[in-house]
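Colleague:
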Amino acid sequence: MWIERISLKNYRQYEEAEIEFCRPTGGRNITVILGDTGSGKTNLVNAITWCLYGNEKHLTARNKGLDIYNTLAAKNLKPGETFQVQVKIHLGESDGGRIIVTRSLKYKVEFDGRVVRIPDHLSKAEDQSTLEMMRMIGKDMKEVQDPEFIIQKLIPEQIEEYFFFDGERLDEYFKEKSGVKIAEAVFKISQLELIERVIKHLKDLKQFFVRDRNDLSPRIEEIRDLIDRLTATLTDLNDRKEKAEAQRDEAERLELEAREKLREAPVQNIGKLEDERAELEENIEKTRKEIEELKNEKIQYLCSIAPAILASSCIQKASKLIGESEASGIIPPEYQPGFVNKLLTTGRCICGRDLIKGSSEYEEVKGLLNKSSILASLTRILIEDAGRLENLRQMVQEFPDKITRMNSRIQNLERNIETMEKRKLTIDSQIASCDSEKIRQYENEVQEYLKKKEKLIEEIGQLKQQIQATQSKIAMEEKELEKELKKQTKYKELVACLEFCQELLDVASGVKEKTMEDVRKEIEQQTKELFFGMIWKERTYANIEIDEHYNVSVKHISGNEAIGTLSAGERQILALAFVSALNNVSGFDVPIVIDTPLGRISSGPREKIARSLPSCFSDRQVILLMTNEEYTSEVKKVLSEHLSKEFSIEFTECADGSKARVIENDREWERKGASYS
Amino acid sequence: MSNGGSLNRRILNYIDELAKTEEARKFLKWAIGFELERVMENNPQFRREYERKIIELIKKRKEDL
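Protein sequence lines, in the order shown, are assigned to chains A and B. Per the working numbering, the very first residue in the first sequence carries number 93; after that it's consecutive. Per the working numbering, the very first residue in the second sequence carries number 3; after that it's consecutive.
Below, the structure written as structure tokens:
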């Protein structure tokens, strides 16, 4: 690919300029554009990068603060008028195709004289400039819809610095050993970014697959684990149940055995007998105490009743007498002593007569008082005692029955004791007739096995419940697993994708490594060849190596490392060789534009470098932007056989701004060709 | 048309050499083309396209088996 023409309009110092280049053929691939420092050489490189990428990549510190438009163009405009900054590049393709790239930016003059940008809101560029592209399709030039995309394919922006560069800054590459920088350059130019992006995207995709797989069926393994654990628990529970059942059967067998032995023994239940015997003894003792108490009670009763029995005839008589006295009216008395005493005290009788002390009436009444007092006392005693006598009489009357009952009760209790004693003797004889120790042992065994059996039965019951619960849980989880497994098809597909992704990653990584290594070796070889083709100290350096970490090493013939001791010119040659090698290895067919390629080279070696420059970049178009100091007659002479065109920039600075014109020089070298060669 | 052809060819040759399966070979060559066509970094389309291609190739592999 080559640049056919560059047209500039109102771009920085170029109010109107057009440079027409020649197609690089027949070994004539060099175009020289001459200009003094500050005349606008670098801005021609900027015009190219701005046109292609919307970005001026090589702005000097001075230009950074200045507007992109030509100040003289705006100066003559009236308020409200607009103008356009435009750079147009015509590119020729090796297959005969043509591309025209145009970038423009509109400005408007405000009424206050300010110049403001009119942005293109559809623009993808930072400065919102408009990019247009026409491309030859068939025989016609047609507008391209996505010009950025086409440019990116032809001259990727990330590697433009290896095609359009400042010769004076080239040596910065090797000021210090910078493997990272070199690796970055190799990486960019060798298109390994492509494979790196494939790797990155595959890695990202792998993450997506992993996430999808986990999202899709994160529970399969979990459920399987759970079922495994539950199955293990079930097995354990069944084992424990079987063991417990065996133990229960054994306990039952032993219990029956012990029972059988007991059945065979003369006494089956010695413990019970002994308990009964102890109970009998206790009851006998209790009954005896009861008899004793009854006997004491009987004695006390007899003692209390004896006087009454002995005096029973007297009592009967006294009772009779009292009854008779009452019946006959002897008792109680006719006069109450209190009443008689009252009469005496008041001194008047109930008959109305006065009772004067010493009078017969008084004495008679007084006699009545004495008589009634004795009778009253006697009657009170008789009446009170009559009740007691009746009680005593009744007691005596009840005595035979009561004493009979007491005796009978004592006799009954004594009979009970006798019965109990007899049973005790029977038990004693039974116990004495057998081996009680043995029987007790059997009995203990029966009890022990019975308890054990009951405990085991309880344990088996619990185990059965647990088994049932575990079985239900397993069934539930199996249903869940079944559901999850239905998703398995998708899951398997994802697993296959993941495996394939890994396979692809492995291959892509291998491709990347091998390509990097190949490219490194080729660049090393080409850098070496180009460097030794250009360096004037032919016997100073022995070799150039680029190690696996992309550290560049220049070996002195003594074997020592010499990269740190290279002069600025030597470093520039090394960088030029390296960039040329990068260019050649990349396979990109892009024109080379070098600003001040020989700026730092002293006059002697310039000729040698100039001679090598055309071959450095094979037959590609090389545009050299040089000062007259660089473009010495020697340089001109060695370049003449490769020169296709030569231009000069005419720069004028005036009060309102500056302007530059590009004019084609006289083709002097063609005339002098014979004498040059 | 794209530039830098010789290096692309080198990458493609290495893919042929290192890929053990036809599917891997096909995918990686397709991916290089895809990345060349879509030069923008972090192309959001990549996942859908990559996934589609991978699934397509896996299905083909299954069918071939």
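Cβ coordinates follow ideal geometry from the N, Cα and C atoms, glycine included.
Using the three-state DSSP reduction, which class does E202(A) fall into: helix, strand or coil?
Modeller: E202(A): coil per DSSP, three-state reduction.
Colleague: Looking at the secondary structure, which residues open and close the alpha helix (DSSP H) in which N781(A) lies?
Modeller: Missing from the structure shown is residue 781(A); chain A here goes from 93 to 769 and no further.
Colleague: Taking L136(A) as the reference, give the member of H734(A), S732(A) and L717(A) with the closest Cα.
Modeller: Among H734(A), S732(A) and L717(A), the Cα nearest to that of L136(A) belongs to L717(A).
Colleague: Name, going along the chain, the residues of the region 25-38 of chain B whose beta-carbon falls closer than 9 Å to a beta-carbon of chain A.
Modeller: For the region 25-38 of chain B, which is checked against every Cβ of chain A, the residues closer than 9 Å are E25, A26, R27, F29, L30, A33, I34, F36, E37 and L38.
Colleague: Quick one: list the residues of chain B neighbouring A600(A), beta-carbon separation under 7 Å, in chain order.
Modeller: Within chain B, the residues near A600(A) are L30.
Colleague: Within 8 Å (strictly less), CB to CB, does E58(B) reach chain A?
Modeller: So no, E58(B) is outside the interface.
Colleague: Going straight from the alpha carbon of Y541(A) to that of N375(A), what length do you get?
Modeller: If you take the alpha carbons of Y541(A) and N375(A), they lie about 34 Å apart.
Colleague: Check the C-beta distance from V208(A) over to I243(A) and give it rounded, since I have them as a contact under 8 Å.
Modeller: Rounded, the Cβ-Cβ distance is 28 Å, inconsistent with contact.
Colleague: Residues in the same chain with beta-carbon distance under 8 Å from R14(B), minus the five sequence neighbours each way, listed in chain order, please.
Modeller: One point to set straight first is that residue 14(B) is Leu, not Arg, in the sequence displayed. Once the five neighbours on either side are set aside, the close Cβ partners of L14(B) are K31 and I34.
Colleague: Quick one: grab the DSSP three-state call for I715(A).
Modeller: In this structure, I715(A) counts as strand in the three-state DSSP scheme.
Colleague: What residue does the alpha helix (DSSP H) around Y541(A) start on, and which one ends it?
Modeller: Run containing Y541(A): S528 to K578, per the alpha helix (DSSP H) assignment.
Colleague: Run through the DSSP bridge pairs and tell me what R209(A) is partnered with.
Modeller: DSSP lists Y199(A) as partners of R209(A).
Colleague: Tell me, please, whether the CB atom of T129(A) is closer than 8 Å to any CB atom in chain B?
Modeller: Judged by the 8 Å Cβ criterion, T129(A) is not in contact with chain B.
Colleague: Does any residue of chain A bring its CB to less than 8 Å from the CB of R12(B)?
Modeller: Taking Cβ atoms only, chain A reaches closer than 8 Å to R12(B), which makes this a yes.
Colleague: Taking Cβ-Cβ distances shorter than 9 Å, what residues in chain A pair up with E49(B)?
Modeller: In the sequence as displayed, the identity of residue 49(B) is Arg instead of Glu. Here the neighbours are H293, D296, L297 and F300.
Colleague: Closest to S736(A) by C-alpha separation, out of F743(A), R712(A) and S750(A), would be which residue?
Modeller: If we check each option's Cα against that of S736(A), R712(A) comes out closest.
Colleague: Mind checking if E65(B) is an interface residue toward chain A, Cβ cutoff 8 Å exclusive?
Modeller: No, its Cβ sits nowhere closer than 8 Å to a Cβ of chain A.
Colleague: Short of 8 Å in beta carbon distance, which residues of its chain neighbour I448(A), apart from the five on each side in sequence? Order them along the chain.
Modeller: If we look at I448(A) and ignore the five residues flanking it on each side, its Cβ neighbours are G439 and Y454.
Colleague: Spell out whether any CB of chain B is found under 8 Å from the CB atom of V603(A).
Modeller: It does: the Cβ of V603(A) has a partner Cβ on chain B nearer than 8 Å.
Colleague: Can a CB atom of chain B be found closer than 8 Å to the CB of V290(A)?
Modeller: With 8 Å as the cut-off, V290(A) counts as an interface residue toward chain B.
Colleague: With C-beta atoms as the reference, is S196(A) less than 8 Å away from Q176(A)?
Modeller: In contact: S196(A) and Q176(A) (Cβ atoms closer than 8 Å).
Colleague: Could you compute how far the alpha carbon of H182(A) sits from the alpha carbon of T123(A)?
Modeller: Cα to Cα, H182(A) sits roughly 16 Å from T123(A).
Colleague: Between which two residues does the alpha helix (DSSP H) harbouring I414(A) extend?
Modeller: S404 to S420 is the span of the alpha helix (DSSP H), which, as asked, contains I414(A).
Colleague: Determine which residues share a DSSP beta bridge with C443(A) and list them.
Modeller: Per DSSP, none; premise fails for C443(A).
Colleague: Since I686(A) is in the beta strand (DSSP E), which residue starts that stretch and which ends it?
Modeller: Here the beta strand (DSSP E) through I686(A) covers I684 to D687.
Colleague: In chain B, which residues lie less than 8 Å from C589(A) when you measure between Cβ atoms?
Modeller: Ordered by position in chain B, the residues that pass the 8 Å Cβ test against C589(A) are E53, I56, I57 and I60.
Colleague: Against T607(A), what residues of chain B qualify as contacts under a CB-to-CB distance less than 8 Å, listed in chain order?
Modeller: Going along chain B in sequence order, the residues near T607(A) (Cβ under 8 Å) are L9, R12, I13 and Y16.
Colleague: In whole angstroms, give me the CA-to-CA distance for G363(A) and L322(A).
Modeller: G363(A) and L322(A): Cα-Cα distance of roughly 49 Å.
Colleague: For L308(A), which residues in chain B fall below 7 Å Cβ to Cβ?
Modeller: Going along chain B, no residue has its Cβ under 7 Å from L308(A), so there is no contact; the nearest lies around 14 Å.
Colleague: For C593(A), return the contacting residues in chain B, with the cut-off set at a CB-CB distance below 8 Å.
Modeller: The contacting residues are I56.
Colleague: With a CB to CB cut of under 7 Å and the five nearest residues on each side skipped, what residues in its chain are close to S694(A)?
Modeller: Hits under 7 Å: G661.
Colleague: Grab me the residues of K269(A)'s own chain with a C-beta within less than 7 Å of its C-beta, minus the 5 sequence neighbours each way, in chain order.
Modeller: With a pLDDT of 48 at K269(A), under the threshold of 50, the predicted position of this residue should be treated as unreliable, and no value is reported.
Colleague: Given a threshold of 16 other Cβ atoms within 10 Å of its Cβ, counted over all protein chains shown, does E24(B) qualify as buried or as exposed?
Modeller: Label assigned to E24(B): exposed.
Colleague: Between K575(A) and the ligand ATP, is there a pair consisting of the residue's CB and a ligand heavy atom that are separated by less than 7 Å?
Modeller: No copy of the ligand ATP appears in this structure; indeed no ligand is present at all.
Colleague: Measure the beta-carbon distance from S678(A) to S282(A) and round it to whole angstroms, keeping in mind my assumption that it falls under 8 Å.
Modeller: Yes, S678(A) and S282(A) are in contact; Cβ-Cβ is about 7 Å, under 8 Å.
Colleague: Less than 8 Å between the CB atoms is what I'm expecting for L100(A) and V179(A), so what's the real figure, rounded?
Modeller: So it is a contact: roughly 6 Å between Cβ atoms.
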